[in-house]
Amino acid sequence: MNRRLLGAFSRRTVDALRSALPLRAGLPPLEQFLAHNVAKEVRKDTLVIRRAAEAPAGQRRPAREALLELLQSAKQIDREFLRRVVRFPIGIDIPYAEIDPLRLRRMERLFAGAQSVFAAWPQGQGPRQALRAAFAREELERLLVEILGLYAQETLALSRGVRLPALLRPVRELAMRRLVGVMDSIARRLAMEAARAVYA
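For reference, each letter of the sequence shown is one residue, going 6 to 205 in our numbering.
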């Protein structure tokens, strides 16, 4: 579900920008960049969910030591991501001073959400039944909006660290102005659709 949500978030963001921006030459690299970014974030989220599965029942927040380990693992994944995107016509300076607080909040919310699901999981049932057991529909929607919103803020912070060729800089500035409202709107729609699918 996490991979599908983030993938849909990325695709819808690019589609919205494609229809809104007058200059689209920079969008293919942006689309590939966002696809790599989704894969990167799915790996990080998987580590958080696994840590939640290993934690004692009822532990709604990761221990400080575990949180720092997750943060260091995330930075290692970032380094691998940077090596993969080096072939794109961009350079990236990741602004960790801005990103780390957002990343920590998302990790904590994802950990707490995963713990709730694991604690409520009915024996012999699947993920949809577990989500229903853990959350009311409105609660699940709020959680997804929060997690996707933090992902959007982190993506925006990362985009501010992107160094582009002069030709593409106007596209980035236009995209940045559009992205804030676009990603917030998409996050809310996706959260509503995902919650509706769980409770269908």
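We treat Cβ as the ideally placed atom computed from N, Cα and C, and that holds for glycine. Predicted, not measured: the structure shown is a model, and the values here were computed from it.
In three-state DSSP terms, what is residue i?
i	result
A66	According to the sequence shown, residue 66 is Arg rather than Ala. Three-state DSSP puts R66 in coil, outside helix and strand.
I97	strand
A196	helix
L10	helix
A30	Here the model assigns A30 a pLDDT of 49, short of 50, so the residue's position is not dependable, and the following value carries that caveat. In this structure, A30 counts as coil in the three-state DSSP scheme.
A125	helix
Which same chain residues, not among the five before or five after residue i, have their C-beta less than 7 Å away from its C-beta?
i	result
E151	R114
E103	A162
L136	V122, L145 and V203
A13	L195
Kindly give me the distance between the Cβ atoms of residue i and residue j, rounded to whole angstroms, as I take these residues to be in contact under 8 Å.
i	j	result
G154	P100	About 18 Å separates the two Cβ atoms, so there is no contact after all.
L109	I97	About 21 Å separates the two Cβ atoms, so there is no contact after all.
P60	Q128	Note that residue 60 is Ala in the sequence shown, not Pro. Their Cβ separation, rounded to whole angstroms, is 20 Å, which puts A60 and Q128 out of contact at 8 Å.
Does any residue of chain B have a CB that is nearer than 8 Å to the CB of residue i?
i	result
N42	No chain B appears in the structure shown, which is made up of a single protein chain.
Using alpha carbons as the reference points, say which of the options lies closest to residue i.
i	options	result
F116	V185, A68, M197 and Y204	A68
P132	V47, L52, A199 and R56	A199
R48	E144, R142 and K80	K80
R55	R89, R9, M188 and G118	G118
H41	R147, R8, A21 and Q134	R8
I82	R66, A60 and D50	D50
V43	R168, G186, T160 and V53	T160
A21	V187, A205 and M197	V187
R201	D189, R142 and G129	R142
M112	D189, E85, A57 and R23	A57
L148	M197, W126 and Q130	M197
E46	Q120, D189 and R84	R84
V90	S78, A205 and R168	R168
A4	Q134, Y156 and D189	Within the shown structure, residues of the chain are numbered from 6 to 205, placing residue 4 beyond reach of any answer.
Residues in its own chain within less than 6 Å of residue i by CB, not counting five upstream and five downstream?
i	result
Q158	L107
A30	Only weak support exists for where A30 lies, its pLDDT of 49 falling under 50; the coordinates are left without a value.
R17	I191
S78	L52
R65	A117 and Q120
Once you ignore the five residues that flank residue i on each side, which residues in its own chain have a CB closer than 8 Å to its CB?
i	result
A124	A62, G63 and A139
V53	P67, L75, M112, L115, F116 and A119
L10	L149, L153, L195 and A199
D105	L76
message: Within 8 Å, do at least three Cβ pairs link the stretch 65-72 to the stretch 185-195?
response: no
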